[in-house]
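Engineer: Sharing a structure here in structure tokens format.
In the working numbering, the protein residues as written are 8 to 290.
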């Protein structure tokens, strides 16, 4: 796979295309909608991440028919260009990841997200856009090769422990990685029954991928960060965090910015692993 820079759009590009009829901009909301309601990119829709990107009843992504229904209600057609952003930025990459996995043809990410947009003095609005429903046919196939499940993760444990085996990257905070917390610092400490890490994991905090304005660092810098953890394009790589948001940023970096092909995300991440009976952990 070669790098796909069209998946990553710069603020200049988005600002110039905000009025395009075949473009939809989506701000993925994390905990509360207040930030979106107070100020967002003109024309952007605000969508709560669990409500929009998960199935209503199971810890799974929406089925094809439900995904099509949600897209149509959001004014998204099969040929619509969808640009995601968020603050914090990993929720934007999570939106990009889910839409890509579910088979949408043209889904992109705003480089630097809301933080950079604001820092550059670009327009914001509190006006909620009016949405005209569209027609959406469920995609013929989805990209489940982008993810790995718990059973395969168990089978890969010997490889994670071997220096030349599959590389497992943990993108949580140092405190989470060391087993001092199960959630990020400053948040309620919940999200799994146990703290720790998956045996054999190597730590690469997701914020190291970013500049101060939340834009991505150069490909050379990103390659060096990964190589220091033994992650290179000739190896199989699995990324995880707590709920897989930070892991999807790593996936985007490796597959889209660097063009690596042997990368997957463990989307159950520590919330699943740290709560299941019988799963081994390290501290």
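Where a beta carbon is used, it is the ideal one built from N, C-alpha and C, also for glycine.
So, for residue 278: in the same chain, excluding its five sequence neighbours on each side, which residues have a beta-carbon less than 7 Å away from its beta-carbon?
Structural biologist: 198, 199, 249 and 250
Engineer: Let's test the definition: count the other Cβ atoms within 10 Å of the Cβ of residue 254 and tell me whether it reaches 16, buried, or not, exposed.
Structural biologist: Flag for residue 254 reads buried.
Engineer: Note down the Cα distance separating residue 8 from residue 238, rounded to an integer number of angstroms.
Structural biologist: Reliability fails at residue 8, whose pLDDT of 34 lies under 50, so the model's placement of it is uncertain and no value is given.
Engineer: Measuring CB to CB, does residue 61 end up less than 8 Å from residue 98?
Structural biologist: no
Engineer: How would you write the range of the beta strand (DSSP E) that residue 97 sits in, first residue to last?
Structural biologist: Looking at the DSSP string, residue 97 is not in any beta strand (DSSP E); the run it does join, the alpha helix (DSSP H), is 97-108.
Engineer: Taking the alpha helix (DSSP H) that residue 42 falls in, what are its first and last residues?
Structural biologist: Counting along the chain, the alpha helix (DSSP H) containing residue 42 begins and ends at 41-45.
Engineer: Could you pull out every residue in the same chain whose Cβ sits closer than 7 Å to the Cβ of residue 82, ignoring the five residues on either side in sequence?
Structural biologist: Listed in chain order, the non-local C-beta contacts of residue 82 below 7 Å within the same chain comprise 31, 138, 139, 140 and 141, local neighbours out to five positions each way being set aside.
Engineer: Look up residue 262 in the DSSP assignment and say whether it is helix, strand or coil.
Structural biologist: helix
Engineer: Using 8 Å as the threshold, is the C-beta distance between residue 176 and residue 257 below it?
Structural biologist: Residue 176 places its beta carbon less than 8 Å from that of residue 257.
Engineer: Since residue 173 is in the alpha helix (DSSP H), which residue starts that stretch and which ends it?
Structural biologist: Per DSSP, residue 173 belongs to no alpha helix (DSSP H) and is neither H nor E.
Engineer: Tell me whether residue 143 sits in a helix, a strand or coil according to DSSP, three-state version.
Structural biologist: coil
Engineer: With three or more C-beta pairs closer than 8 Å as the rule, is the stretch 231-247 touching the stretch 116-134?
Structural biologist: no
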